[in-house]
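Trainee:
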Amino acid sequence: MCVWLWGSTAAGLVEKKKVVVIGGGVGGSLLAYHIQSFADVVLIDEKEYFEMVTSFAVRSVINHSDYLSNVRSVILICFSITDSEVVTAGGQTFVYDYVVVATGHVESVPKSRTERLSQYEKEFEKVKSANSVLVVGGGPTGVELAGEIAVDFPDKKVILVHRGPKLLRVCWF
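One point on numbering: in the working numbering, the residue at position 32 of the sequence shown is 252, and numbering is uninterrupted.
Okay, here's the thing in structure tokens:
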């Protein structure tokens, strides 16, 4: 998909289009990252970080501000969308030329990176103290998680259960 994000003013000057992206998951973050240099972008997300669900490592929880240097991040829930603006739960309004709703699924997660990493540390300790680990699901996330655990804990028994005949086979229903 290609979107033209420039417009002309009466004086002939090029002005950046205002883009509000609601949701800082894979879709919203990727879009904001790629258009941040030529659009005025606001990212509205209920948490301050992007999370790659792959392992227990710190590298999987990245603050939006670490990779979106030209994007204004607003850590709030989107309350309302009208024909011309987005209103947050905190009452802030953002006028837009384009709005992207990329909210994905709903999951209750901590708002701060520090709180999320604390959760990971607790899960890490559970894995560390276990004799064996069962990972259910042979898609990309399950396979990578099983591999990470096997590498980090070479003496631990890791069992990967998958319903399909092959690992990493994506089935869309």
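Heads up, the beta-carbon is just placed ideally off N, CA and C, and yes, glycines get one too.
1. Check this for me: beta carbons of LYS376 and VAL353, under 8 Å apart or not?
2. Please report how far the alpha carbon of SER280 lies from the alpha carbon of LEU337, in whole angstroms.
3. To the nearest angstrom, how far is it from the Cα of GLY384 to the Cα of GLU335?
4. By a C-beta neighbour count over all protein chains shown, 10 Å radius and 16 as the cutoff for buried, is VAL234 buried or exposed?
5. What residue range does the beta strand (DSSP E) around ARG292 cover?
6. So what does DSSP say about THR394, is it helix, strand or coil?
7. Tell me whether SER249 is buried or exposed, calling it buried when 16 or more other Cβ atoms sit within 10 Å of its Cβ.
8. How many angstroms separate the CA atom of PHE314 from the CA atom of VAL261?
9. To the nearest angstrom, how far is the alpha carbon of GLU364 from that of SER293?
10. Could you tell me which of ALA259, SER257 and HIS284 sits nearest to PHE270, measuring between CA atoms?
Mentor: Reading from the atomic positions:
1. yes
2. 9 Å
3. 35 Å
4. exposed
5. 291 to 295
6. Lying outside 221 to 393, the shown extent of the chain, residue 394 is not represented and no answer is given.
7. buried
8. 10 Å
9. 30 Å
10. HIS284
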